[in-house]
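Engineer:
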């Protein structure tokens, strides 16, 4: 796996996505999940539409690398 130099805002969005996902997954059945679900949707759109993906480095492999790096950052 190559080490891409991902923009900090893209990396922050992906790590925030994982943190929010786990917060949502760990919430109890009586918890209100609307805020977390909306946050996941916003982060997903921000990640998917980031200008980085429109350049030559925006390959499917780079997307997987971003996800793996973000998972490691959140201790997953």
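Residue numbers (our numbering): 120 to 195.
The beta carbon of each residue, even a glycine, is placed where N, CA and C say it ideally should be.
Nothing here was measured: the structure is a model prediction, and the numbers come from that model.
1. Out of 154, 187 and 145, state which residue places its alpha-carbon closest to the alpha-carbon of residue 123.
2. Under 9 Å between the Cβ atoms of residue 136 and residue 162?
3. Please return the same chain residues whose Cβ sits closer than 6 Å to the Cβ of residue 129, not counting the five positions on each side in sequence.
4. Start and end of the alpha helix (DSSP H) containing residue 188?
5. Any idea if residue 189 is buried or exposed, counting beta-carbon neighbours within 10 angstroms, 16 or more meaning buried?
6. By Cβ distance, which residues of its chain are closer than 7 Å to residue 176, with the 5 residues on each side in sequence left out?
7. Do you know how far the Cα of residue 134 is from the Cα of residue 194?
8. Classify residue 132: buried if its beta carbon has 16 or more other beta carbons within 10 angstroms, exposed otherwise.
Structural biologist: Well, looking at it:
1. The residue with the shortest Cα to Cα distance from residue 123 is 187.
2. Yes, they are a contact pair.
3. 169 and 171
4. Per DSSP, residue 188 is one residue of the alpha helix (DSSP H) stretching across 179–192.
5. buried
6. 123
7. 10 Å
8. Counting Cβ neighbours within 10 Å, residue 132 comes out buried, since at least 16 surround it.
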